[in-house]
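Here's the structure we're looking at; comments come further down.
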Amino acid sequence: MNLRIALANLAVPRGREDALAAAAKAIAESARRGAEIVCFPECFVPGYRVAAAPAPAADPAFLERAWSELAAAAGKAGITAIVGTERVVDGARRLTALVAGPAGGILGFQDKVQLDPSEEELYAPGVDRRVFQAGPATFGVVICHEGWRYPETVRWAVRRGAQIVFHPHFDEAKPGAYPAEFGDPANSFHEKAMLCRAAENTCYFASVNCAGAGSATTSAIARPDGTLLAHQPYGEAGLLVADLDLGLATGLLAKRLRPGA
25 MNLRIALANL AVPRGREDAL AAAAKAIAES ARRGAEIVCF PECFVPGYRV
75 AAAPAPAADP AFLERAWSEL AAAAGKAGIT AIVGTERVVD GARRLTALVA
125 GPAGGILGFQ DKVQLDPSEE ELYAPGVDRR VFQAGPATFG VVICHEGWRY
175 PETVRWAVRR GAQIVFHPHF DEAKPGAYPA EFGDPANSFH EKAMLCRAAE
225 NTCYFASVNC AGAGSATTSA IARPDGTLLA HQPYGEAGLL VADLDLGLAT
275 GLLAKRLRPG A
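Here our numbering runs 24 ahead of the position in the sequence shown, where the first position is 1.
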């Protein structure tokens with residue numbers, strides 16, 4: 025059974041309203057191109073914070089409005105949308121992914137459980153994981169650092185039935201430094217990690233970043249055998265759309281892991 029997905033490899037937004045408008049537009053365009061699920065980069069709405077730059081406090085009122093508008097956009101388009109965002113839990117800010125369903129409701133959130141050390145001054149870690157359903161597909165979400173360096177986060181979802189693990193991430197662009205070819209030995213380890221997460225779990229791994237000249241990574245989809253299905257040209261904004269054969273995502277290797285091994 026085939027499932028069409030889209031990865032929103034968009035330019036870094038100029039502000040939170042720009043991010044919200046761009047996300048709504050990409051949700052509609054993904055549905056027009058036949059996708060059943062669209063995924064956005066890490067904290068796309070309102071925008072990823074960096075420790076070196078001043079950032080306003082989290083705005084729960086804006087976030088509630090944004091989530092409502094995103095869910096409405098997903099409902100209007102009849103698509104499942106995974107949108108990187110942030111939320112406040114017990115007074116602490118968390119990186120998270122909003123999952124909105126094709127009926128226009130919010131299906132839930134997946135918080136980032138494993139933070140990069142550079143994020144610890146800005147965010148608190150989440151505490152649990154879950155999987156989601158979209159038509160015939162079960163999927164999980166792992167966010168940036170936890171997908172690169174903690175393979176067990178991907179395995180957790182696959183052992184609970186996920187055929188696809190989406191990986192919203194954010195890599196800050198360094199002008200003039202982006203690679204020329206996906207998987208080149210001179211590139212950073214991140215692209216190889218995408219392929220490994222798929223192969224070691226027999227699942228699809230769909231990783232999405234913002235578009236920017238100088239980024240070490242681009243959006244890409246790895247097949248369950250660890251080969252590359254598709255990737256977005258470096259620095260080029262747009263939707264990466266691909267058809268996945270869910271029958272190939274058996275989860276075999278993830279399920280064979282013995283407890284305590």
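Here a beta-carbon is modelled for each residue, glycine too, at the ideal position from N, C-alpha and C.
Helix or strand or just coil, what does DSSP make of residue i?
i           : result
residue 177 : helix
residue 110 : strand
residue 86  : helix
residue 23  : No answer is possible for residue 23: it lies beyond the span of the chain, which begins at 25 and ends at 285.
residue 117 : strand
residue 139 : coil
residue 146 : coil
Enumerate in chain order the residues of its own chain whose CB-to-CB distance from residue i is below 6 Å, with the five nearest sequence positions on each side excluded.
i           : result
residue 123 : 106, 131, 132, 156
residue 108 : 64, 65, 66, 67, 68, 121, 192
residue 44  : 69, 90
residue 56  : none
residue 198 : 238
residue 272 : 248
Give a single yes or no on whether residue i has its beta carbon closer than 7 Å to a heavy atom of the ligand FMN.
i           : result
residue 124 : Absence of the ligand FMN is noted for the structure shown, with no ligands found whatsoever.
Grab me the residues of residue i's own chain with a C-beta within less than 8 Å of its C-beta, minus the 5 sequence neighbours each way, in chain order.
i           : result
residue 232 : 31, 32, 33, 63, 64, 65, 190, 191, 192, 193, 243, 264
residue 138 : 149, 169, 170, 173, 174, 177
Which one or two residues does DSSP pair with residue i in a beta bridge?
i           : result
residue 231 : 191, 244
residue 220 : DSSP lists no partner for residue 220.
residue 33  : 262
residue 122 : 107, 133
residue 28  : 267
residue 164 : 189
residue 61  : 29, 104
residue 68  : According to DSSP, residue 68 bridges with nothing at all.
residue 10  : A query on residue 10 cannot be resolved here, the shown segment of the chain reaching from 25 to 285 and no further.
Among the options, whose alpha-carbon lies nearest the alpha-carbon of residue i?
i           : options            : result
residue 171 : 219, 94, 254       : 219
residue 104 : 126, 145, 58, 245  : 126
residue 163 : 225, 181, 250, 49  : 181
residue 145 : 195, 128, 119, 135 : 119
residue 92  : 208, 134, 186, 129 : 129
Can you name, in chain order, every residue of its own chain whose Cβ lies under 7 Å from the Cβ of residue i, other than the five neighbours on each side?
i           : result
residue 53  : 263
residue 114 : none
residue 59  : 28, 29, 30, 103, 265
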